[in-house]
Amino acid sequence: MNWKVALAGLFLVLWGCGSKPTISVQVFPAVLATAPDAPAPAGLERVDFAGSPRAAGGVYHVRPDTLLTEWNIIASRSVSPPEGGTGAAVRLNAYAKTKMEKYTADEANLRTYLGVRINGRWADFIPVLDRISDRMMLYGFTEQEVKDLDQYLANR
Numbered sequence: 001m002n003w004k005v006a007l008a009g010l011f012l013v014l015w016g017c018g019s020k021p022t023i024s025v026q027v028f029p030a031v032l033a034t035a036p037d038a039p040a041p042a043g044l045e046r047v048d049f050a051g052s053p054r055a056a057g058g059v060y061h062v063r064p065d066t067l068l069t070e071w072n073i074i075a076s077r078s079v080s081p082p083e084g085g086t087g088a089a090v091r092l093n094a095y096a097k098t099k100m101e102k103y104t105a106d107e108a109n110l111r112t113y114l115g116v117r118i119n120g121r122w123a124d125f126i127p128v129l130d131r132i133s134d135r136m137m138l139y140g141f142t143e144q145e146v147k148d149l150d151q152y153l154a155n156r
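The numbers in the numbering used here rise by one with no breaks, and the one at position 139 of the sequence shown is 139.
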């Protein structure tokens, strides 16, 4: 009898794990390519981007090291920018806050871009116009992806 209860409990735990929504949010340092036909410089990945309300379409060169991921987001709120689309106002954990402050303190990184990849697709390239601390806006989400992010943050 005890093994039946244990088996039923294990089944419920495994069933609950499978129903959680998953989302992948990654933010990378990026620059707009000066010569779109040229190959990406060593250590950078070439990304062809169709464009968004905030970033011009074209070729971007992205560094492969992430600045932050969904693990670094501790809270989010859905936003609807005036130019359209869906975004998320996010608050970062202490690790990401320190990393973003250090990254944006370097004047060379201002006026560059942050490439946002959501669930494996390049969602947006956000211009870095000022220093970033523990809060920032991420754009390029679908409404479902914002819901998935909220669900992820509530259940992790």
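We treat Cβ as the ideally placed atom computed from N, Cα and C, and that holds for glycine. None of the values given here were measured: they were computed from a predicted structure.
With respect to the 8 Å criterion, Val25 and Leu149 are classified as neighbours on the basis of their beta carbons. When DSSP states are grouped into helix, strand and coil, Leu32 belongs to the strand group. The beta-carbon separation of Val59 and Pro36, rounded to 4 Å, stays under the 8 Å limit for a contact.
Taken in chain order, the complete beta strand (DSSP E) segments of 3 or more residues contained in the region 44-125 are 45-49, 58-62, 73-79, 86-92 and 113-118.
Going by C-alpha positions, Gly43 is about 31 Å away from Thr86. In this chain, Leu129 is not harboured by any beta strand (DSSP E), its DSSP state being neither H nor E. A direct Cα-to-Cα measurement between Arg131 and Leu67 gives close to 14 Å. Arg135: member of the beta strand (DSSP E) spanning Arg135 to Phe141, first to last residue.
Check the Cα spacing between Asp65 and each of Leu114, Thr34, Glu101 and Gly57: the tightest is with Leu114.
Within the same chain, Cβ atoms closer than 7 Å to the Cβ of Ser80 are found at Thr86, the five residues on either side in sequence being excluded. Note on geometry: alpha-carbon atoms of Ile74 and Glu143 lie some 19 Å from one another. Here the alpha carbons of Val47 and Ala89 stand approximately 25 Å from one another. Around the beta carbon of Ser76, 16 or more other beta carbons sit within 10 angstroms, so the residue counts as buried. Within the model, the alpha-carbon separation for Ile126 versus Phe49 is close to 12 Å. Residues of the same chain with a CB within less than 8 Å of the CB of Arg111, apart from the 5 flanking positions on each side, are Pro127, Val128 and Leu129 in chain order. Ranked by Cα distance from Asn119, the first of Gly84, Glu145 and Glu45 is Glu145.
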